[in-house]
Structures are given as C-alpha cells and as structure tokens.
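Residue numbers (full-length UniProt numbering): 1 to 309.
Glycine included, C-beta positions come from ideal geometry on N, C-alpha and C.
Remember, predicted model here, so these are calculated numbers, not experimental data.
Structure first, commentary second.
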Amino acid sequence: MIKPKALKLGDTLGIIAPASPAAEEKVKKAHDKLIDMGFKVKMGKSLYERYGYLSGKDSIRAEDINEMFKDKEVNGIICIRGGYGTPRILDLLDYEIIRNNPKVFVGYSDITALHISFAQLANLVTYHGPMAASDMIDNFSDFSKSNLFRVIMNTEPIGKISNPEKEKIITINGGVAEGFIIGGNLSLIVDTIGTPYEIDVKGKLLFIEEVGEEPYNIDRMLNQLRLSGKLQEASGIILGDFNDCESKNPDENLTLKEVINDQIKLIHKPTIYNLQAGHCNPMVTLPFGVRARLDADKKELIILESCTK
Numbered sequence: 001m002i003k004p005k006a007l008k009l010g011d012t013l014g015i016i017a018p019a020s021p022a023a024e025e026k027v028k029k030a031h032d033k034l035i036d037m038g039f040k041v042k043m044g045k046s047l048y049e050r051y052g053y054l055s056g057k058d059s060i061r062a063e064d065i066n067e068m069f070k071d072k073e074v075n076g077i078i079c080i081r082g083g084y085g086t087p088r089i090l091d092l093l094d095y096e097i098i099r100n101n102p103k104v105f106v107g108y109s110d111i112t113a114l115h116i117s118f119a120q121l122a123n124l125v126t127y128h129g130p131m132a133a134s135d136m137i138d139n140f141s142d143f144s145k146s147n148l149f150r151v152i153m154n155t156e157p158i159g160k161i162s163n164p165e166k167e168k169i170i171t172i173n174g175g176v177a178e179g180f181i182i183g184g185n186l187s188l189i190v191d192t193i194g195t196p197y198e199i200d201v202k203g204k205l206l207f208i209e210e211v212g213e214e215p216y217n218i219d220r221m222l223n224q225l226r227l228s229g230k231l232q233e234a235s236g237i238i239l240g241d242f243n244d245c246e247s248k249n250p251d252e253n254l255t256l257k258e259v260i261n262d263q264i265k266l267i268h269k270p271t272i273y274n275l276q277a278g279h280c281n282p283m284v285t286l287p288f289g290v291r292a293r294l295d296a297d298k299k300e301l302i303i304l305e306s307c308t309k
C-alpha cells in the first residue's frame, strides 16, 4: 500500500464535498476551524454547489477529487461531510492521478466508497476520521483531535488504538488476527459488492460501523457479507460504533446484540465490538491499508507500522 507524506502544521488542506451539501455557514466555519488548527485551506468547487441531495452534479464532485490530488500545493484532503451520493462518482475518478499523487485523505460514512475504491484501484492508505463540518466545528473534543493528529502527523508506528475512558471494548469472539485494516460504513461496504470496486477483505481486518439502521437492516446487510464470503475471508472483525441502531419496537424485533451474535459470532473470527470509530463523539481515527494486530481476548487493536511516510 502507498502511504502519503505525514502532514504538518502550515500544510494546505483541501476541503471537498463528495456526497451531500453542507450549509453555507457550516462551510465557512469548517474553513475557519482548520485555519485555527494551524493549516492553510483550499476550498473545493463542490462546497458551493447543490443538486438536490447532492453537493453538485457528479462531474463537479469527481472533478474536485481529481483536481485536489493533482494540485501540488495541496498536502491533504478532508471531506466536509457524508450523506449520500459518493458511489455515483467512482467511475469518474482518475485513479492513476490518485495513485501517483498520494495525499492524506480523511472522511467516513458515505466516504467509505472512496476509502474502498482508493484501496482497490490506487493502492492508497487512507484515514477513517472526523470530517470538517460534521465533527470539527462544534464540540471537536481533544480526544478526537489528538487521535487524528497522532495518525496523520506521525511517521512512527502509533501502537495501541484506545477508546475514550468510559467506552469499553467488548469481545465477541476471542483470538488474535493480523492484517491490513479495511472497511467503513456497513451500507457502503455492501454497496460495492458486485461492482468493479468490490471490497477485498482476504486476510484483512474488516472494520464495520453504521448509523440509524434498524436491527433487521443490519441483519440483512451482515447476511449479504456472510453469503458473499466476506466475513469468512477476513482475518478478524472490528465492530465500531452503531449509533441509533436499536429497534424502535423491541418487542417485535431482534436486538442489535442478537443480530451480531447470529451473523458474526458463529463465523468464529476474532471480533471486538464498540471501538469508538464512526458516527460518534469523541472518535478514534483508523488508518486503512496499514497492518495491525487484533487481540480480541485482550480487547486490543495495535497498529504495527507507520500510518504515513
């Protein structure tokens, strides 16, 4: 995997909107926040566009990504928010440009589509972490900021990924596994199956998070991962935050825990649950495409190599 150069204060970050639009005032606040954090900022065209539930037409959002990677003045790229629409632009991206101009790339949720396609077609290490409007402009915790900086501004192996103090990691299946971390939002992972961008999990640590889905939807999507062999091919499974994923009518539904036990526990792969990555605050930043060791018995995830170069 190709690692981008570590960021440093004073570098230029490009902000883009590959999915849904952010309100104008949030775009300005995101710009100002990154300046306050010590970076220079370049704003993408997609930030000021709107096409229904999308931040501009597909061509504009794809062009923003291609141009930000091509721009020699831009050192890293951060997404403004998630939402919907990122998979629509996967076939409009220039993966040769992306591969030849590796840069720190940060986002999550709908941005999962880019994490997976960049790994598959550009061999690029990327970072599942906070976004400029969704997470940084209000209540951006010291924990979230220090975790992000530790991953993207450090050329040494970072070692153990730790949860916030009050959030406990839970063992679903014991055991130890190693591999590159890959994954993201469950809905977006499933969306890649059967496409040229299908996630490759063979021998890797599969990370999964989700938000706002009933247990029956989680069940359906995990079942697709099981039937397609993805759960079985992974060396281990890391379950992140499942925000607002309990049933609104629990008397007539399975619980999230029951779904996880039915679909994942029976796979007998080392598995942990409740790593605070995903739609949560505070959150940890995960490096995708970097080798790690999962010790489910000790409830530990250890990054074994540097996340940048």
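N-terminal and C-terminal residue of the beta strand (DSSP E) that residue i is part of
i: Y273; result: T271 to Y273
i: M37; result: Neither: M37 is in no beta strand (DSSP E) and is coded neither H nor E.
i: L7; result: Counting along the chain, L7 falls outside any beta strand (DSSP E), and DSSP gives it neither H nor E.
i: H128; result: T126 to H128
i: R50; result: Counting along the chain, R50 falls outside any beta strand (DSSP E), and DSSP gives it neither H nor E.
i: A277; result: No beta strand (DSSP E) holds A277; DSSP gives it neither H nor E.
i: L294; result: R291 to D295
i: N185; result: V176 to N185
i: E209; result: L205 to V211
Counted within 10 angstroms of its Cβ, other Cβ atoms place residue i as buried (16 or more) or exposed
i: residue 311; result: Within the shown structure, residues of the chain are numbered from 1 to 309, placing residue 311 beyond reach of any answer.
i: E213; result: buried
i: K230; result: buried
i: Y108; result: buried
i: T86; result: buried
i: Y197; result: buried
i: H115; result: buried
i: D110; result: buried
i: T255; result: exposed
i: K8; result: exposed
i: A23; result: exposed
i: Y127; result: buried
i: N261; result: exposed
Residues that DSSP places opposite residue i in a beta bridge
i: T171; result: I272
i: G14; result: K42 and I77
For residue i, the nearest candidate out of the options (CA to CA)
i: K29; options: D135, M283, R99 and E209; result: D135
i: C307; options: E156, A133, T255 and V74; result: E156
i: D251; options: C280, P215 and M221; result: P215
i: I298; options: G38, R291, G174 and Q232; result: The sequence given here places Lys at residue 298; Ile does not occur at that position. Out of G38, R291, G174 and Q232, G174 has the C-alpha closest to the C-alpha of K298.
i: I199; options: R293, L121 and I80; result: L121
i: I189; options: K8, F105, A119 and H268; result: A119
i: L47; options: A113, S20 and F288; result: S20
i: V211; options: I181, C79, I267 and H279; result: H279
i: E258; options: G76, A6, D219 and H268; result: D219
i: L93; options: R61, N154 and I208; result: R61
i: M153; options: A133, I137, G83 and K103; result: K103
Check: residue i C-beta below 6 Å from any heavy atom of the ligand ADP
i: T155; result: Although the ligand ADP was asked about, the structure shown includes no ligands whatsoever.
N- and C-terminal bounds of the alpha helix (DSSP H) containing residue i
i: L121; result: T112 to A122
Practice prompt. Assess, as a yes-or-no matter, whether the segment 41-48 is touched by the segment 5-25 under the definition of 3 or more beta carbon pairs within less than 8 Å.
Written response: Yes, the segment 5-25 is in contact with the segment 41-48.
Worksheet entry | Validate contact between the segment 95-111 and the segment 248-265 using beta carbons, cut 8 Å, 3 pairs | Too few Cβ pairs lie closer than 8 Å, so no.
Discussion item. Would you call the segment 56-76 in contact with the segment 23-37, where contact means no fewer than 3 C-beta pairs closer than 8 Å?
Written reply: Because the criterion of three Cβ pairs below 8 Å is not met, the segment 56-76 and the segment 23-37 do not touch.
Discussion item. For the structure I just gave you, are there three or more beta carbon pairs, one from the segment 169-185 and one from the segment 143-153, closer than 8 Å?
Written reply: Flag = no, the segment 169-185 and the segment 143-153 do not touch.
Worksheet item: Pairing CB atoms from the segment 232-245 with CB atoms from the segment 265-275, are three or more of them under 8 Å?
Response: These segments touch.
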